[in-house]
Each structure stands twice: as C-alpha cells, then as structure tokens.
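Below is one structure, written out as structure tokens; comments come after it.
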Amino acid sequence: MAKRAAAKAKTKKTVTKKSAAANAKGGKGPKGLKGPKPIDLYYWPTPNGFKISIMLEECKLPYTLMPVNIAKGEQFKPEFLKISPNNRMPAIVDPNGPGGRPISIFESGAILQYLGRKTGKFYPADERGRAEVDQWLFWQVGGIGPMCGQVHHFKNYARETIPYAIARYVDEVNRLYGVMNKRLADRAYLAGKYSIADMACVGWVNGWEKQGQDMAQFPHLKRWLEAMKARQAVKRGMALGLELRQGIDMKDPKVQSVLFGQRARTA
Ligand SMILES: N[C@@H](CCC(=O)N[C@@H](CS)C(=O)NCC(=O)O)C(=O)O
Numbered sequence: 620m621a622k623r624a625a626a627k628a629k630t631k632k633t634v635t636k637k638s639a640a641a642n643a644k645g646g647k648g649p650k651g652l653k654g655p656k657p658i659d660l661y662y663w664p665t666p667n668g669f670k671i672s673i674m675l676e677e678c679k680l681p682y683t684l685m686p687v688n689i690a691k692g693e694q695f696k697p698e699f700l701k702i703s704p705n706n707r708m709p710a711i712v713d714p715n716g717p718g719g720r721p722i723s724i725f726e727s728g729a730i731l732q733y734l735g736r737k738t739g740k741f742y743p744a745d746e747r748g749r750a751e752v753d754q755w756l757f758w759q760v761g762g763i764g765p766m767c768g769q770v771h772h773f774k775n776y777a778r779e780t781i782p783y784a785i786a787r788y789v790d791e792v793n794r795l796y797g798v799m800n801k802r803l804a805d806r807a808y809l810a811g812k813y814s815i816a817d818m819a820c821v822g823w824v825n826g827w828e829k830q831g832q833d834m835a836q837f838p839h840l841k842r843w844l845e846a847m848k849a850r851q852a853v854k855r856g857m858a859l860g861l862e863l864r865q866g867i868d869m870k871d872p873k874v875q876s877v878l879f880g881q882r883a884r885t886a
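According to our numbering, the sequence shown is numbered sequentially starting from 620.
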C-alpha cells in the first residue's frame, strides 16, 4: 500500500537529490542493482524535516526528495495520508524495509530510531546507551520541538498579537534551553556521543533569535550549536530544499488558512 501511495505521489512532484550520498555504494539492491534503492523522503524544509535530511546525509543513505508543500495543503492529500495519517511531514518509505519489503514510517522520532537501527549509526545498540539517546530524543519530540513551534506561531506568524501566549512560550523555551545548556556543560553531545538526539534538536535551536532567546545566556548550548553547524552533513541536511520555500509568505491569508485555519478532517 505504501509503495502504491509513494508511486502516486511521485508522479506529482519529485526532485531527485544527487549528492555524494545518493551515489554511494551500499551493497546490492533486490534486483541485483548496485547500491540500495533510495528511500523516499516526504519533506518540507522546516526543523522537523531537517532531522531526517541530516540523518540520511550523515548515514550516506541514498534518498529521493518528495516535497510536501504544507503551505499549499499537500499534507492532506489522500495518497500522503496513507503514509502519514497525522497529515504531517516528515515521513519516509523505505523500499528495502524489514524482510526486503517496503515500509512507511511517520513521526520524526520513529524515523530516526528506524534509520539508526537500520544502519547501526548514531543510535547505540546497547540498552544503556540507547536509553540515554531515547530520553533526549523524546525530550525533543515532546518538549522543545512543540514549544519552539508555539513561539514561532505566536511571535512570528499569528495575525493577532497575544502577549500572554508569546510570554508563556518564550519563557518555556528559555527554560528548555537552560535544561539543554546544563546537560551540555560536561559532555560534547546530549547523550555523550553524537547521536540522533542531537540531530533532532539542531534545527530548532538554530532558530533561537526568532524564538526571542539570547544565546549569550547559554554558553554550552552555543558551543554545541556551533559544533553541530560545522558538520558537513548537518549543513547539507539543513540546506535541503530551502529554495522550495522561497516566496512563501507565512502571513498570506491563504497560507494561514491552510496551516492555522480550521483543520481538514482526515477521516
Ligand atoms: N511530531 C511530528 C511533528 C511534525 C510536524 O509538526 N510537521 C509540521 C511541519 S514542521 C507539518 O507537517 N505541519 C503541517 C500541518 O500542520 O498541517 C514529528 O516529529 O514528525
């Protein structure tokens, strides 16, 4: 089912990214082709999308970019909902899933864990190491991600200015930055070694100015952000598809009604 949905979506709008990663050799594909079949990456250039583009680049996994223009409402298309029933990107379809069959996955945390297990990279195999990564990954997905999202919404995009909402979310993000800063005081990365937990956070922390934060308050977090942004795969991951977003005005009433209006029913 996922395969059919992916094929349908492809006919609409496909951009193939030919990077060093896409050309990397990685064993034999199912039909004896050299290298694995690319993973379809359903994506829009936002901090949630960057998590997966960074991981794919870090692992040098070949992938095909499948843009999901969330400003136009492409996340509500029935073919996309078969892959991502929560009408949100990112999502992936891996043609070389478990048992050699395709698998589709939505939710960025689940995708990162899947890719970590698949490649054995950036996600430790031992239980103690894995639990360390999982804590910070879930902290990102359930904490700093949604809170930063609310700041961006109320501070930068909402047509109505609601000082209470702005202050509430700016303060909460400030608290979360403090938690991360403290964690990074005595280790280079969130779980000690560089991992999928760091990849999950970088796109969000990179937006600190728009979130009303002052990086001078968080020296360890600042050092971490600089180290993250110096990585070539992070640079490539956070540059992926930026051109697609050009010319989109988040204050345009049409865009606002798609993203922040009455939400489409998916059932
Ligand atoms: N918990 C989800 C969040 C994904 C998410 O919120 N994606 C946003 C873009 S950053 C989206 O697709 N929004 C479309 C919409 O709100 O309709 C994840 O981590 O994958």
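Glycine included, C-beta positions come from ideal geometry on N, C-alpha and C.
Remember, predicted model here, so these are calculated numbers, not experimental data.
| query | result |
| --- | --- |
| For Val712, name the three-state secondary structure that DSSP assigns. | strand |
| Just how far apart, CA to CA, sit Gly651 and Met847? | Confidence at Gly651 is low in this model, with a pLDDT of 47, below 50, so its placement is unreliable and the value that follows should be read with caution. Roughly 37 angstroms between the two C-alpha positions. |
| Which same chain residues end up closer than 7 angstroms to Ser703 when comparing Cβ atoms and leaving out the 5 residues on each side of it in sequence? | Tyr661, Ala710 and Phe725 |
| In three-state DSSP terms, what is Ile781? | coil |
| Along the beta strand (DSSP E) that carries Ser703, what are the first and last residues, could you check? | Neither: Ser703 is in no beta strand (DSSP E) and is coded neither H nor E. |
| In this structure, what does DSSP give as the bridge partners for Met685? | Tyr661 |
| On the CB-based measure, 16 or more other CB atoms within 10 Å of its CB, does Phe879 come out buried or exposed? | exposed |
| Return the first residue and the last residue of the beta strand (DSSP E) that Ile724 is part of. | Ile722 to Phe725 |
| Of all the options Pro686, Ala816, Phe695 and Gln875, which has the alpha carbon lying nearest to the alpha carbon of Gly762? | Ala816 |
| For Gly719, verify whether its CB is less than 7 angstroms away from any heavy atom of ligand 1. | no |
| Say the cut is 7 angstroms; is the CB of Gln694 nearer than that to a heavy atom of ligand 1? | yes |
| Give the DSSP-derived three-state secondary structure of Tyr776 in the structure shown. | helix |
| Quick check on this structure: which residue in Leu734, Asn715, Leu861 and Lys696 has the alpha carbon closest to the alpha carbon of Glu676? | Leu734 |
| If you measure from the CB of Gly764, is any heavy atom of ligand 1 nearer than 7 angstroms? | yes |
| Three or more beta-carbon pairs under 8 angstroms between the region 663-681 and the region 817-834, yes or no? | yes |
| From Asp871 to Arg864, what does the alpha carbon distance come to, in whole angstroms? | 14 angstroms |
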